[in-house]
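K.L.:
Reading the sequence shown from the start, the letters are residues -24 to -1, 1 to 313 in mature numbering (1 follows the signal peptide of the UniProt record, and there is no 0).
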Amino acid sequence: MATRKAGPLGVLIALLLFCLPASAGEDEYWRLYRTRYIDGGRVLDTGNKDVSHSEGQGWGMLLAEANGDRRTFDRLWKWTRRHLQRSDLALFSWRYDPAASPPVQDLNNATDGDLLIAWALLRAAQRWDAADYRNASAKIRQAIAGRLVKEHAGLTVVLPGLQGFEQNGRLILNPSYLVMPAIRAFALADPGGTWQRLLDDSRGLLERARFGTYRLPPDWLAFDADGTLEPAAAWPARFGFDAVRVPLYLAWDGEPLSSPRLAPFADFWSCCEPLHAWVDLNDGKLSPYPGSVGVKAIATLLRGEEPVATPEQLAQEDYYSMSLLMLARLAHKEGAP
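(1) Here's the rule I'm using: 16 or more other beta-carbon atoms within 10 Å means buried, otherwise exposed. How should TYR296 be labelled?
(2) Return the bridge partner residues of LEU147 from the DSSP annotation.
(3) Looking at C-alpha atoms only, which residue of ASP166, GLY145, LEU83 is the closest neighbour of SER113?
(4) Looking at the strands, I want to know which residues DSSP matches up with THR132.
(5) How big is the Cα-Cα spacing for THR276 and ALA121?
(6) Check the C-beta distance from TRP254 over to GLY216 and give it rounded, since I have them as a contact under 8 Å.
(7) Bridge partners for LEU192 per DSSP, in chain order?
(8) With a CB to CB cut of under 6 Å and the five nearest residues on each side skipped, what residues in its chain are close to residue 314?
(9) Pick from GLY188, PHE187, ARG58, TRP53: whose alpha carbon is nearest that of residue 314?
(10) Considering Cα atoms alone, identify which of LEU92, LEU20, GLN81, GLY16 is closest to TRP55.
(11) Using 8 Å for Cβ pairs, my map puts LEU257 next to ALA213. What's the rounded Cβ distance?
(12) For the beta strand (DSSP E) containing GLU206, name the first residue and the last one.
(13) Leaving out the 5 sequence neighbours to the left and right, which residues in its chain are closer than 7 Å to ARG51 when beta-carbon positions are compared?
(14) Going by alpha carbons, who is nearest to TRP70 out of GLN33, ALA101, LEU38?
(15) For the alpha helix (DSSP H) holding LYS54, just list the boundary residues, first then last.
(16) May I have the straight-line CA-CA distance separating ARG173 from LYS309, to the nearest angstrom?
(17) Which value, in whole angstroms, describes the spacing of the CA atoms of LYS(-20) and GLY36?
(18) Answer yes or no: do ARG191 and PRO240 have a C-beta to C-beta separation smaller than 8 Å?
(19) Using a threshold of 8 Å, state whether the C-beta atoms of MET156 and ASP218 are closer than that.
(20) Cα separation between ALA285 and LYS25?
(21) Could you tell me which whole alpha helix (DSSP H) segments of length 4 or greater appear in the segment 218 to 258?
(22) Would you tell me roughly how many angstroms separate the C-alpha atoms of TRP6 and ALA129, rounded to the nearest one?
(23) Which word fits GLU282, buried or exposed, when buried means at least 16 other C-beta atoms lie within 10 angstroms of its C-beta?
(24) Once DSSP output is grouped into helix, strand and coil, what is the label at ASP15?
(25) Report the residue from ARG110, ALA185, ASP82 whose alpha carbon sits nearest the alpha carbon of GLY137.
(26) Over what stretch of residues does the alpha helix (DSSP H) that includes LYS35 continue unbroken?
(27) Using the Cα positions of SER299 and LEU38, report the straight-line distance between them to the nearest angstrom.
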């Protein structure tokens, strides 16, 4: 079982993991992540009763590939195929709860998880010249393009899941599911079609989906047939825990840090101390608690700096915050200069 301790013991564990001699080229952040949040082939959502998600599996696979850790990558991919892959098409059920029977209660997918898994497999195929990874990625991409990418009000968009997001001519979208560097990689792998349209139109959608004083996207977005955009009514109208990934993925895709697409995020996170976790897009109310280490890492990324954290800061961070930190560090390495 992965080590997931908080408080003084958590600090000690983090210090030990940071200070132990690493194998050649191994990143101490990755070693800490792998030890604390990966149990065999399963990424544990430690802030949510240790459930697992297709999103987390995709992030874990991406990080394993980026760190050249094929052993962990294969464990993650094997577990994901066995426990989350649907039998009817090459998509993945979104949630696994080890306390439930059966652990997968809902077969619906989460499209960001599918995108992340397909991208990790494509990257792994290129790194290790593995045809099985390449073929698996292609099948997932085909399923996403065939079942989840839609033309709506003049734009190519991607639904968050197979079920529940088309409502009498209105689509419910999640801007943070636009994993821009993955979509770009797919457009290069499958040129001249769906992925390039989705990449181009996603930029336009993100420019238009801005609300409130700070002109930020909501976690969930309603898109009407006439092109109207507004925060989706079934969720709080917040730039919050989902939407913080929008600037992460834009920067990772190489968006210039000074661009109008990224400026509102940087302005919001620099406006107030402490840095806030969310803002209500209707009334401007700020979260009563500060943003996590992971949110601060994205803000640091937008300043063009490498996101870092001390063992003391990481001792009590849950899976989501630590994942954002790890992804921001990778984006800094691969994305905008």
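Think of the CB as a built atom: it goes at the ideal place given N, C-alpha and C, for glycine as much as any other residue. Fair warning: this is a prediction, and the values are worked out from it, not measured in the lab.
P.N.:
From the atom records:
(1) TYR296 should be labelled buried.
(2) In the DSSP output, where bridge partners are listed per residue, LEU147 has GLU142, PHE199.
(3) It is ASP166 whose Cα lies nearest to the Cα of SER113.
(4) DSSP output for THR132 lists GLU127 as bridge partner(s).
(5) Near 34 Å, if we compare the C-alpha coordinates of ALA121 and THR276.
(6) 4 Å between Cβ atoms; contact.
(7) As computed with DSSP, LEU192 is found in a beta bridge with PHE187.
(8) Because the chain is modelled from -24 through 313, residue 314 falls outside the range shown and cannot be assessed.
(9) The question about residue 314 has no answer here: the residues shown for the chain are numbered -24 through 313.
(10) Out of LEU92, LEU20, GLN81, GLY16, GLY16 has the C-alpha closest to the C-alpha of TRP55.
(11) In this structure LEU257 is in contact with ALA213, their Cβ atoms being roughly 5 Å apart against a cut-off of 8 Å.
(12) Residues 205 to 207.
(13) These residues qualify, in order along the chain: GLY16, GLY17.
(14) Comparing Cα positions, the closest option is GLN33.
(15) Note, LYS54: alpha helix (DSSP H), 46 to 59.
(16) Approximately 26 Å, taken between the alpha carbons.
(17) Confidence is the limiting factor: at LYS(-20) the pLDDT is only 42, short of 50, which leaves the residue's position unreliable, though a coordinate-based value still follows. One Cα belongs to LYS(-20), the other to GLY36, and the distance between them is close to 20 Å.
(18) With respect to PRO240, ARG191 sits close: the two C-beta atoms are nearer than 8 Å.
(19) For MET156 and ASP218, no; Cβs fall outside 8 Å.
(20) Between the alpha carbons of ALA285 and LYS25 lies a distance of about 25 Å.
(21) Counting whole runs of 4 or more residues, the segment 218 to 258 contains the alpha helix (DSSP H) stretches 221 to 228, 239 to 247.
(22) Approximately 42 Å between the Cα atoms of the pair.
(23) Flag for GLU282 reads exposed.
(24) ASP15 falls in the strand class under three-state DSSP.
(25) With distances taken between Cα atoms, GLY137 lies closest to ASP82.
(26) The amino acid occupying residue 35 in the given sequence is Trp; Lys does not appear at that position. Segment 30 to 42, the alpha helix (DSSP H) holding TRP35.
(27) A straight-line Cα-Cα distance of about 11 Å links SER299 and LEU38.
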